[in-house]
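Sequential numbering from 1 applies to the sequence shown in UniProt numbering. A virtual CB, placed ideally from N, CA and C, is assigned to each residue, including glycine.
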Amino acid sequence: MHVRRQPIPLNATLEVAVLDDTDGNQENYSLASVSYETMKITELKALCKEKGIEGYSSMTKSELIKVLEATQ
Numbered sequence: 001m002h003v004r005r006q007p008i009p010l011n012a013t014l015e016v017a018v019l020d021d022t023d024g025n026q027e028n029y030s031l032a033s034v035s036y037e038t039m040k041i042t043e044l045k046a047l048c049k050e051k052g053i054e055g056y057s058s059m060t061k062s063e064l065i066k067v068l069e070a071t072q
């Protein structure tokens, strides 16, 4: 399987799963928030494509952000 990697902006907040093992239960995960504002339009469009959002290619950055935030 081939994995396509994309550069990550230095000041971006990424969505990551964080294991909370304080109670010994390894099934407790939380997600960090995503900062779309710091991402480039090409990166936002790539996320839209991955999520199957239609019409993203003609959207502005602010429209892309609104659509992505609505799908979280």
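**Q.** Three-state secondary structure (DSSP) of Lys40
**A.** Lys40 falls in the coil class under three-state DSSP.
Q) Does DSSP put Ile65 in a helix, in a strand, or in coil? A) When secondary structure is reduced to three states using DSSP, Ile65 falls in the helix class.
Q: Consult DSSP for Ser57 and reduce its assignment to one of helix, strand or coil.
A: Under the three-state reduction of DSSP output, Ser57 falls in the helix class.
Q. Would a C-beta distance cut-off of 8 Å place Ile65 and Glu37 closer than the cut-off?
A. Between Ile65 and Glu37, the CB-CB gap stays under 8 Å.
Q. Quick one: what's got a C-beta closer than 7 Å to Leu47's C-beta in the same chain, skipping five residues either side?
A. Same-chain partners within the cutoff: Leu68.
**Q.** Alpha carbon of Met59 to alpha carbon of Lys45, nearest angstrom
**A.** C-alpha separation (whole angstroms): 9 Å.
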